Structures are given as C-alpha cells and as structure tokens.
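Chains as they are written, first to last, in our numbering: chain A, 22 to 685; chain B, 22 to 685.
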C-alpha cells in the first residue's frame, strides 16, 4: 500500500515549499487510482498526457511532461501545448519494455508572458522602452542559469536589445521567437512546480495488445481414437493451428492428475477405472506443479514442442492453477499450507452448499504465507526455465490480490516480457482490480453479451472509459467451461457471428478448439453451459477435416487481423448507428499507417437482416461529399458509398458480416 | 504539497504489508483530488461515505468508517452496509467545527461468512457438526482478542455449542445473531486493511452554508446629501438592513484612500479635488490596511457598529483587498515587497495594454515573501481582534494559491469559525482551486446565467457533481462592479426574477444595496456593466422609502428562507421539466424536518408565461395517485395538484415566481 498522503498543516506548507511557486497542476490524465497503479502500453505506443495547469494572475505557465524508462539515467522533458480552458496536452513514445515513470513540471513562463505582453503594448502604441530593458534582464537571468552556447546567445541578444538605438529595430530584435524559446528552457529551478505524484506506465511487448489464442488439450491430439495423446502428437497438430493464423497456443494444465475423488465423465462424482480425470486436479504420487503428466511425455518432449511451436510463429501459454488434489506432494511436505477442519482433516474446496472433494485450496491465511508465495513463484520460474513466457491464470480471484501484485511484480522485475492472462469470471471490481495490479490481459463477459445494447454498453465501458488504461480484454466465444446458449441454439451461423465479433471487437481473442471450428454445441443438459462429454473429463478424437469446419474462415479472419493494424488495438473502437436492432456496426481506425475498418455484423443467426447504417464520417475521416470505397475483406465485394447512410444486407449462413476496409 | 506517492516494488509490498490481508478498499467517495483537500460540511451535517470493498474468494468483508475530530483522542468506528455490486455505504455526523479525519477499515468478516455459509449448509440438509465446532473456534478466537463481558459471553456461547448434544438446539444456538455481532467487533488486528489515505472534512459553522448578504458603502449612509457618511450613520441603517432579513453586512474596504492617481467620478483618470476616490485604493499618509479612513470614524466607532449589528442578528464582513496605493506605508517601510521596473520606479498594476497607476500590486515573488505573508496574516488578525469573523477577499486569484492555503489554514488553526468569501470572477479551474484550498464560500457566474439551459447546466455542475464537496456558491445578482444587461433592460421584474433565483437556487446569496432594492439599472454607457455614477467613486444619497423599492419582497423572501430548511442547503437542488422555455422549475427538499419547496420562475421580465411543469414525484416524495397541496409562500394562494403534470402561469410585474411548499 502506498504511503499515507495526509493533509498538510499551514506550517508544513512553508517547510516543504517555496512560497513563490505560483503554478498549480491538477486533473492529470491518465492516472489510475491516484497513481497507485500503472497505465498499460505496448512498445512503440504513445502516452498522451493531459492536465489542468494554471497560475494565479495573468501569467501563463510553461508545462512539460518529464518521463523516464527505469533503465534510463535521466528524465526526458517534452513540452506540452495549451488546449482550451487551462487544459494542457503532451505525449511521449515508449519503446523499451518494462516500467516508465512520468510526471508534469510547470512554472510561470516569464519569457513567454513578457513577449505576449510586449506584443499587446506595441499594438496599443505604447512606449515600450522599459519593457525592452525588462526583456534584456530576463534573458540575462536565463543566461545566468546555463552556460555555453545558449548562455552566449542570450547575453548577445540582451546586449543588442540594450544597445540598439533605432526603436523599430529594437522591437524587431525583442520579438525574435527563437530567443524566447531558448530562454524558456532555463527557468529558475526553485520555482518549478512538479506534480506531486510520479505516475507509471507498464510497457509490454506487442503481443499483450494483439494476440490470437488457440486452446488445445494435448491429450486429445492422438491420431488413434482412445489412445492418450501427448506432446509428440501435439507437435503434429502445430501446422494445423499455425495455418489458421493463431499466435498463442494455450494448453490446460499438463501436470500429474490426482486419483482420489477423481471426477468421471461429464464431471460425475464416481470415476471409472479408465477415466482420465480433469487436468485442473493437479498433483499425484508422481509430482505436482513442476512435473508433467507422464502420459503427455517428458520435459524434453515438452521443450521440443515449445521450440517447434516457436518456429511456426506460435507461442505456448501454460495454465497456472494454484490448487492441489489430496495427493499433491505439497500436502505431505507442507501441511501448513492447507486449512485444517476441527477434526484434523484438510478442508477441501467448497462453495456452500457445493463441495469439491477432489480439490484442496491452498490456505493463503497460513502463518507461513511467505514460504507459500515463494514456492508458487518458483513454479512460474520453473516453466519460464522451460521456455514459457505466457501464463493463463486459473481463477486468480480466489487467491489474494496482494499475492498476484507481488508475484507478477517479482517476475516482471527481471522478465518484463512475461504475459499473464487472468481467467477471472467474477464481479466487475475484482476483474478490474486484477488488471490494475498487473495482469496483462483479462477474460471478459463477452461470451454472454449477445444483443446490440449489451455489446455496445460493455465495449464502451472497456474501450471508452479509464478501464482501457489498465484492462486488456481477451475475448473468448467459448472455453471448455463455457458453451453459451447462443452457440447451443444458433448452429454454425452462431459460431461465425461470435468469431467475427471476438476477432474484430477484441485485438486479443481466443477460441477453444477444435470444439469451436467444428461447431460442437451439445450441452450436458438443457440449461447447462457445460459441454456434453466434456473434454475436461475425457479424451476426444476429432476429424479436423470434417465438412463444415470453420478453419478456413478462421484462417481468413486471422489473416485480415494481421494485415490491418486498425485491428491491433481496442482504443479506437467506435459504434455507429444501424436502424435494424439485429445489425451492429462499429469501426476501428489507425492513423499511421492509415487503416479504416468498418464492421457490420448480423447478430441474428436465423434470419437475413438488412437496414441502413449511419456512419460517423468524422470518426472515419471520410469526406461526406465524396464517394468512398468499402472493400469487403471477408466477402470480397467492393461497394461504392457516399455520405453517412448506407444499405447493408447480411445472410446468416453465407455472409453473416462485413469487414469493410474503407478507402477514399 | 503532499508526499510523493510512489509505485511499490514487490519486495516493498512484503516489507510493509501482512500478505494475509485479503480485502481491497477503493473508489472512496467523497474524496477531493485524491484526498489532497478536505470536503466541506457545516456543524450538524452528515458525511455519507461510499467505497468499493471486496475480497478475493467467496468471503464478504466487514467494513467500517472510522472518523475523528481533531480534538478527539480516539477514532470512532461506524459500520457500513452493503449496497449492490461491492459498493458499501456508511455515514457519520460532524458536530464540532474544525477538522475531522475519516477513512475506511475492512477485513474478512469471518463470523458473518461462517454464519451465512452455515445457513446454506443447513438449508441443503448437510451434516454441520464440523462447521459448528469451527464456529466455536471462531468465537473463542474472538474472545481471545478482548476481555470482560464480551469475552465471557463469547466463551460461554462456544462452550454451549461444544457441549449441547441435541442437534436442533445446537443449530439454534449457532445461529444466534447477537453472538455474531459481538464476534464481528473483535477481528484479528493484523488482518485489518485500512484505506491508504486519511481523508479530511473541514467543518464550518452553519453560516458558511446558509447566509444572506447585504453589501453597503458606509460613506453613503449619511442622512444629508453630499456629506460623507460614517459608521455612526451606518449604525442608523442597521435596523433597515436587519428588517429585510439579512444576516451578513458586508462593507467595502474601510481604510484610508490614496490621493495620487485617484480616480474621479465614473472611474475617470483625473479626479476633482472633492472626489472621494475608490475604497479599493488602499493606503494614504494616515495609514494602510490596519487603519480606518478618518471620515468613516474611529476604531471605537467601528467596534460599536459591529456590536450593534450583532445585536440585530447581523454579522459584519470586511473586505480584504491586498494591494496598495503609491502612498501606502508599505511602500516606504517595505520597498522589497514591490516590483521595481528597470528605471527604479515601482511597477503599478497592469493588464497589458491596460494600466492602473493608482494601484501597486504586492510582489509575491519577493525573496522576502514570508515576511509579506506574515504581515498580511497580521492584517486579518487585526480585524479579528476588532470582532470581525467574516472576510470577503478581493481578487484572490491574482495572489498565489499557496499563500491563501497557508493564510486560511493558519487562521483556522485557532479560529475555525472565521469564514472567507472568494471574490474571484475568473476561469473555472482557478475558482474551484481557491475553494478547494480553503475558501468557505465563492462568488459564481450566476450573474451571467440567464436562460433555462444556462442556469440548469451551471447549477447541475455546482450542486450535482463533486464540485459540491468543496465549492459553496454565493449568488449575487448585482455587485458594485456588475450591473448585468438583464438588469439594465428588464426593469423592476428583472430584479424580482434575479432576486428569487439567487435566494432559492443558492443557500448563500447577497445583494449590493440599496442599488438593488431600488432597482438602479443605468449603465455608465451602452455595453458596460459599470453603474452610471458608480458608488465606487462617489458618495450616494438615496431615498430608502422610494416607491417601487423591493424591500418588502426581499424581507418576505428572506423570511421564507429562514422558515424553510430545504433552502438552507444546495445539495438537494433538482430541476424538473417545464414545457415553456421561459419557465424554470426546481426543487429543494429536506428530510428532517420534512420540507419540500418547489420553485417556478418566469425568466422573461416582459411577458406573462404559462405552461405545464412535469414533476419528478419520486424526488419530491409525492404519491402520484394522491392530491397534494402546493402552497405559494410568495403569492399566498394554495393549489391542489395531482400527479406530475401541472399548469402554472406567471406574470412579470405582479407574480414572477412561485415558491411552493408541497404537502401531502
């Protein structure tokens, strides 16, 4: 927790501050929770900073951002420019990854104010003899605060101003703008006001902002039905996954699976002898979080697969599920890390009245919490040593926030390239807190936002409010836990709709495959979001060549994503009106290179829907009086549109969406 | 400036915090600029505090406000209650004046969570034997953290729970709610999370929130035309001012007036020998800010008038205009407090290209700034010693913000009853900053807000946003500097309209009289807001009994204000729809005692306006199905209304407004 920020007594003001500091800096944006948490950016992005900066009296301030990468020795200043109503704006680029700090400095701009007053006096025809001498004084004072060339130029200018006899030439000398700019650089250090907080930017590598995830159970990769698959089989699938254009391959836990209270097929409480159990039931005689389930292969096999994936442009992400089975080595070796019930038995997981006897939660309330934290950190480090740089964290909202803040902070100290995805499907404040404290990306409520108002409201919150400074959405239309009613009932078009939405609303998105591309959509029972015969509890064998697979569409869409930088970020997302409630229309834009994408999606998987969209042409940078091209990257057609109002018609089975690249 | 609040490194987290603290406190409201400034209240008011408070996992937190008056020895806890979505709310009363501190504490509510889980388990028919033992353990742990009666009761309860054999009776014992409430009071101190900031409330006496000001030039109080009036004459006017129901009598500066560059009538640059000069041109041979202009009387006369005013329920407010004439003693005694031009002369006031040669601004950039600050503080102290407790500060926005923060803080350390009104007509950020740093009340843009959208937008900003936590508007329809175009052109009805608006939109308001009640409205010239023959530069002699004086209306309205507590605060201001753009409709309400006032004002001084108002009955606490009384406190009639939509008709000359007291 940060230090207490207390109200200053009047006498403390005098102790700490030179009473001649005249400038006020407030209302700084971006600033997360009073600067307690960093904003997030990726390498190469700009940080635009605004603040209200003003002084008493008539004088205008000079304002600058100062910023510093943690590895830099010095602060870099960047002047800010005045907007209206005492608001100032500036920006700087972040190039390195890791932590940047930024704050604002301001002071009364004496040279600038002197010059603008002088202009007014001259315009009013006043005698400015004394003002010119005052200007010379100002420049001499500035010269006294520096040396070398600038000092010399300022003194020379002051001399000229004092010596010149011709009044018109004197004024001309006085108004030389470059002199003022030099003098502005050397203010009286004692009078510089520095914003009271140093704010931070956490800079990730670009994948934190733009990534396409594919979730796969390696044990289902065997070419033979009924045989347990492993990393070697998984290797054979890598070209398939890569060909669809994904760049992150996420594997559920790969550790030994417990046997006691093992869940059977469809999560049944009694397992049959050949049931393989849930990968999230971690820990058996053979080992725990640093071991590999023997049927998947060896550590060597794992490393080989990771390398092979990298060669294909795929990064392997592992699952961190910090919980154990009753057989996990921790239970023996560190009984103090578990909660004991009054009868001496260890407390299994519960959400009363529900009981999960196959899982022991770790007891973060243990007096040995620090040992526990360090051990869990060593788990992360262990897999980093095997080449992993992305982790998907299972249920982070059931472990202490402080633990994650510490863990991610510790890892990032040395390895700022590591990314963490928070799988927290819980209340909004908890999800946002996890993002603030360090998670690089976060699961969202996207899976359950189906209608136009639901999608619009939610994505405005995510991308148009301060949430966007720290929370990076990663959109999943399905997961092994989530088969939504929309997918269950809407058939193949529903999968196409949700795919397009995920891949274009979110710069980060992912699918759980091959269930997704094969449009698997049978629930365990009516009203359940569980898959029937869920892969969580059994091996699957699938025909990747099955007719109707969405693999080509997925490949096409991921290709569009890579080619269009507008889709690499969520900050420019903007919704446009459509007069049909089943049609949703939104754009993403990029200035450099210029790239304007307009998406129109038919949210109805059953019926063709048509209507007029009304585009905010300003946002799209389009001249209302000129025809523009709308090239459908998905369907291939090119439309010639003019003005805001344009007609669209979308057909669920064959053309559920437009992804239009606009060109003037 | 507060201490730097910096990002904590992971290892710092562990040094400062017990890793078992599970609860997060964020989004605390009210909180001004991250707690840098206090919120404002008056004695007897409630401070309602909200925060987002949550824990990881399933457990709910226990939350409390803790608050402390600066003179209290200990913090007082007040439990908060859960709203929806992890939001919590609580409140406390402030009774003493001065500074209060408040913050929030929270921890995992083990007894509460145990009990609610137990209820779920029992409802599910589970065996709860172990859970009852766990409950006994919890109570014993709580007992171990206290002593005396509570410890005894908790142990007894735990004993009963352990010993009772009848399962049904055991459950009954377990669920006794009072036991849980006792246990909740004794959490493990190590696990209490305290919000990282201590926030402050500045509590003023009630007059800071509710006051009626009357501005008067004592030199115009003489009963004889042409004779310079003084405090003795002013005394004779006190009953007149008191009879109109005012409670603050504000006098422009009462100090010796300078002679060099003295302004003549209508501000002319050349004064005639008998011109009296502007009271704001402070300082002459006879003295400066601690002296009285001899023609006004003696210090003894002043004190006598102050006492006489107090007896009539009037408090005298003085003007603090920190500037001097060239003759002010400071110029001789402290030349270092003034800015010298390159030719050695002192810099007079300027706003280039305008020059004000009769005024020397004080040079706050002097290296002797601390001496200057202390001298100005001694001026305030001097007049406090004469019995003054309210100051109206002239142009505070042209002196350093830090100076005011220090000055007001210093005075308030010993005299929290002193009130300061900021006369800053400048840009919004500057006005709000002055309020944040300590001014008790502030002038506003009210004088220039005439139309319904202007008034609605502005007053929503003042009373419906965080501005209301620190900025107390004081509404003036006129001042000696401000005769608005609306008053110039709208005749007597314009004065009535602006009076009703000021007195009902603002709990604090004031008029510059007798110019106001006599409806003086001739400008110096077309397009000017200056009065013709302004009292700032000459003596006035007026007939207070002139026909058409608004004195009775003013008395009536001030009487209504005193009688109706809804008008004593601005926090409940709510605008209701009216279908005629010239009719503005708004309410103020009080719960205790119940008082609901609905105002409808005709903003058009020329024409009768009629239309339907659509009331937000919820806000007014009115049952839509029942008839309610609307008693016009201004006009006397009583209307019987039902439902939201009601007709009104207002006539500029005779009935420009309704002030309706609603009763069910």
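We put the beta carbon where it would ideally sit given N, CA and C, even for glycine.
Computed from a predicted model, the values in this text were never measured in an experiment.
Quick one: Cα of residue i to Cα of residue j, how far?
i             : j             : result
residue 505/A : residue 540/A : 12 Å
residue 39/A  : residue 407/B : 32 Å
residue 498/B : residue 462/B : 16 Å
residue 256/B : residue 326/B : 6 Å
residue 351/B : residue 281/B : 15 Å
residue 319/A : residue 248/A : 17 Å
residue 544/A : residue 532/A : 17 Å
residue 27/A  : residue 121/B : Residue confidence is low: residue 27/A scores 45 on pLDDT, short of 50, so the model does not pin down where it sits. Its coordinate-derived value is still stated next. Roughly 12 Å separates the two Cα atoms.
residue 235/B : residue 36/A  : 40 Å
residue 296/A : residue 278/A : 11 Å
residue 493/B : residue 647/B : 36 Å
residue 397/A : residue 548/A : 37 Å
residue 415/A : residue 603/A : 34 Å
residue 685/A : residue 577/A : 24 Å
residue 364/A : residue 373/A : 19 Å
residue 103/B : residue 85/B  : 11 Å
residue 435/A : residue 116/A : 17 Å
residue 413/B : residue 582/B : 22 Å
residue 303/B : residue 437/B : 28 Å
residue 3/A   : residue 681/A : The structure shown does not extend to residue 3/A, since chain A is modelled only from 22 through 685, so no value can be given for it.
residue 445/A : residue 452/A : 6 Å
residue 271/A : residue 91/B  : 57 Å
residue 68/B  : residue 382/A : 41 Å
Between the options, which has its C-alpha nearest residue i's C-alpha?
i             : options                       : result
residue 597/A : 640/A, 444/A and 136/A        : 640/A
residue 465/B : 529/B, 420/B and 514/B        : 529/B
residue 456/A : 254/A, 470/A and 495/A        : 495/A
residue 42/A  : 488/B, 294/B, 420/B and 119/B : 420/B
residue 30/A  : 560/B, 221/B, 85/B and 192/B  : 221/B
residue 150/B : 187/B, 652/B, 44/B and 315/B  : 187/B
residue 250/B : 74/B, 561/B and 234/B         : 561/B
residue 176/B : 190/B, 189/B and 154/B        : 154/B
residue 387/B : 411/B, 409/B and 360/B        : 360/B
residue 55/B  : 32/A, 111/A and 216/A         : 216/A
residue 554/B : 289/B, 101/B, 379/B and 201/B : 289/B
residue 203/A : 273/A, 162/A, 226/A and 229/A : 162/A
By Cβ distance below 7 Å, which residues in the same chain neighbour residue i in space, the five residues on each side in sequence not counted?
i             : result
residue 677/B : 514, 517, 518, 521, 622, 623 and 671
residue 24/B  : Here residue 24/B scores only 33 on pLDDT, less than 50, and its place in the model should not be relied on; the value that follows carries that caveat. There are no such residues.
residue 81/B  : 130, 133 and 134
residue 185/A : 191 and 194
residue 52/A  : 220
Quick one: residues in its chain with C-beta nearer than 6 Å to the C-beta of residue i, no 5 flanking neighbours on either side, listed in chain order?
i             : result
residue 233/A : 267, 268 and 579
Output the residue ranges of the alpha helix (DSSP H) runs that lie fully inside the segment 527-607 of chain A and measure 4 residues or longer, sorted by chain position. 572-584
Residue ranges of each beta strand (DSSP E) run of no fewer than 3 residues wholly in the segment 611-680 of chain A, ordered along the chain? Counting only unbroken stretches of 3 or more residues, the beta strand (DSSP E) elements lying wholly within the segment 611-680 of chain A are 616-623, 630-635, 648-653, 659-663 and 666-671, in sequence order.
Any alpha helix (DSSP H) of 4 or more consecutive residues that is wholly inside the segment 298-352 of chain B: 320-332
Within 9 Å of chain B by C-beta, residues of the segment 493-519 of chain A in sequence order: If the cut-off is 9 Å between Cβ atoms, the segment 493-519 of chain A has nothing near chain B.
Interface residues of the segment 64-83 of chain B facing chain A [CB-CB below 7 Å]: 73, 75, 77, 78 and 79
Complete beta strand (DSSP E) runs within the segment 373-413 of chain A (minimum length 3 residues, chain order): The segment 373-413 of chain A contains these whole beta strand (DSSP E) runs: 375-377.
By the 7 Å beta-carbon criterion, what residues does the segment 378-395 of chain A contribute toward chain B? 385, 386, 390, 391 and 394
To be precise: take each residue of the segment 445-465 of chain A, compare its Cβ to all Cβ atoms of chain B, and keep it if any distance is under 8 Å. Which residues remain? For the segment 445-465 of chain A, which is checked against every Cβ of chain B, the residues closer than 8 Å are 448, 449, 450, 451 and 454.
By the 7 Å beta-carbon criterion, what residues does the segment 296-317 of chain B contribute toward chain A? none
Please list the residues of the segment 417-432 of chain A that have a C-beta atom closer than 7 Å to any C-beta atom in chain B, keeping them in chain order. The segment 417-432 of chain A vs chain B, Cβ under 7 Å: 418, 419, 420, 421, 422, 423, 424, 426, 427, 430 and 431.
Determine which residues of the segment 28-51 of chain A have a Cβ less than 7 Å from any Cβ of chain B, and write them out in chain order. 28, 29, 30, 31, 34, 35, 37, 38, 40, 41, 42, 43, 45 and 47
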